[in-house]
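J.:
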Amino acid sequence: MALSSKGTALITGASSGIGAVYADRLARQGYDLILVARSQTKLTALANRLSDATGRNVEVVTADLKEKADLLRVEQILRNDASITLLVNNAGVGAVMPLLVSPVDDMQDMITLNITALTRLAYAVAPGFVARGAGTVINIASIVAIAPEILNGVYGGTKAFVLALSQSMHHELADKGVRVQAVLPGATATDFWSEAGHPVENLPQEIVMPVDEMVDAALMGLANGEVVSIPGLHDGAQWDRYEAQRQVLSGLFGNSTAAPRYR
Ligand code: NAP
C-alpha cells in the first residue's frame, strides 16, 4: 500500500552522491520530490527509477545554482509551492589544494554555490514554513566546518558558514515550527573527491564512509531531533561537550573593557 505523502522534498545536487541517496530515502519515506542539479540526463534517470519504485511524484529541475537566473527559478519554486515541506540544501563543491595554489576565481565560484545559493534557497523557503508553522531544512555542511585545516581553507570557510547559519536558523525558527539540521559528513565515497582533483581511492580507506551509510545516519540524527549530526564521530558526548563550552563562551564576550591581557 502506498504511503501517505509527507509533502514534497526539494533536493539540490540530487543528480549524484549524497543528494541522490537522500532522494532515494525520502521517496521511500513517502515524500514527493523535486530534484535539482545541472545534469538533466542523470536527474531524469533517477526520477524515473524512483517514481517507478515508490509511486511518488518526482519532478526534475535543471539548474546551475551558480547562475543567478537559474537560482531565482528555484527560489520561486520554494516560495510558491506550498506542498514543499523539506529542503535539502546539498549542492556543493570542494577543493583540496592550499590557498597559494588555488585560483581565486575558483574559490569565488565555490563561495557562490556553497554559500550564496544555499543561503538564498533557505531565505526563499523559510517564510512559507513559518507561515504554515512547519517545515524542515537540512543543510549539508562538512566536518571541515570545525576543522578547516584539513582541506582547502576556503572550502572549510564555506562549510563553517553553513554550520553557523544552521545554528542561527535553529535559534530563530525552532519555536515557529521549523526544524533545521546541519549535517557534517567526513570523507564520503562520492564523485566529490574526483571533482576536487583528488579521487576518493587515494584517501586512507579507513576514513571513508559509504554514502548510503552516511545519509542513513544523518536521517536518523534528524529523526532523533539533532540540530547538528556528525555521522563519523563515534563518541557523540565529545560534540555535546564542545557545544556546551561554545554556549558558555557565547555569554562571556560582551564586556565594556578589554581583557587585562590586552592592557
Ligand atoms: P557529488 O557526488 O559531486 O555531488 C554534488 C552534487 O551537486 C551533484 O548532484 C552535482 O550535480 C551538484 N552540483 C554541483 N555543482 C552544481 C551547480 N553549480 N548547480 C547545481 N548543482 C550542482 O558530491 P557529494 O559528496 O554528494 O556532495 C554533496 C554535498 O556534500 C556537498 O555540499 C559537499 O560539500 C558535501 N560533503 C561531501 C563530502 C564528501 O566527502 N563527499 C564530505 C563533506 C561534505 P551536477 O553536476 O549535475 O550539477
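Under the working numbering, the first residue of the sequence shown carries the number 806, and numbering increases by one thereafter.
The beta-carbon is built from N, C-alpha and C at its ideal position, and this holds for glycine as well.
On a Cα-Cα basis, can you pick out the residue from E1048, V1016, E1018 and D1017 that is closest to E1031?
T.: Sequence index remark: in the sequence shown, residue 1031 carries index 226 (1-based). Cα-wise, what sits closest to E1031 is E1048.
J.: Give, in chain order, every unbroken run of the beta strand (DSSP E) that is at least 3 residues long and sits entirely within the region 890-954.
T.: Fully enclosed beta strand (DSSP E) runs of 3 or longer: 940-945.
J.: Okay, do the region 988-995 and the region 1031-1046 touch, 3+ Cβ pairs below 8 Å being the bar?
T.: As far as the Cβ criterion goes, the region 988-995 touches the region 1031-1046, which means the pair count is three or higher.
J.: Please state whether DSSP places S1055 in a helix, a strand or coil.
T.: Position 250 of the sequence shown holds residue 1055. DSSP places S1055 in helix when its eight states are reduced to three.
J.: Count Cβ pairs between the region 846-864 and the region 922-932 that sit closer than 8 Å; are there 3 or more?
T.: No, the region 846-864 is not in contact with the region 922-932.
J.: Under the rule that 16 or more other beta-carbon atoms within 10 Å means buried, what is M806, buried or exposed?
T.: To locate residue 806, count along the sequence shown from 1; it is residue 1. In this predicted model, M806 has a pLDDT of only 46, less than 50, meaning its place in the structure is not dependable enough to derive any value.
J.: In terms of residue numbering, what span does the beta strand (DSSP E) encompassing L840 cover?
T.: Translated into positions along the sequence shown, residue 840 becomes position 35. Start and end: D837 to A842.
J.: For the ligand NAP, I want to know if F966 counts as a neighbour, meaning its beta carbon is within less than 7 Å of at least one of the ligand's heavy atoms.
T.: Taking the sequence shown and counting its residues from 1, the one referred to as residue 966 is at position 161. Incorrect: F966 has no Cβ contact closer than 7 Å to the ligand NAP.
J.: Just list the residues that DSSP pairs L1024 with in beta bridges.
T.: For the purposes of this step, residue 1024 is identified with residue 219 of the sequence shown, where counting begins at 1. L1024 is not bridged to any residue.
J.: Between G899, A939 and A1064, which lies nearest to P953 when the distance is taken from Cα to Cα?
T.: Sequence index remark: in the sequence shown, residue 953 carries index 148 (1-based). Ranking the options by Cα distance to P953, first place goes to G899.
J.: What's the C-alpha gap between D869 and Q972?
T.: Counting from 1 along the sequence shown, the entry for residue 869 is found at position 64. Counting from 1 along the sequence shown, the entry for residue 972 is found at position 167. If I take the Cα positions, the gap works out to 27 Å.
J.: Return the residue from the list T941, G962, Y827 and L815 that minimises the CA-CA distance to V1016.
T.: Residue mapping note: residue 1016 aligns to position 211 of the sequence shown, counting from 1. For V1016, the nearest C-alpha among the options comes from Y827.
J.: Spatial neighbours of V959 within its chain, please: C-beta separation below 8 Å, excluding the five flanking residues on both sides.
T.: If you number the sequence shown from 1, residue 959 lands on position 154. So the qualifying residues of the chain are A900, L904, S907, M912, M915 and I916.
J.: Look up V988 in the DSSP assignment and say whether it is helix, strand or coil.
T.: Start at 1 with the first residue of the sequence shown, and residue 988 comes out as number 183. If DSSP states are grouped into helix, strand and coil, V988 belongs with the strands.
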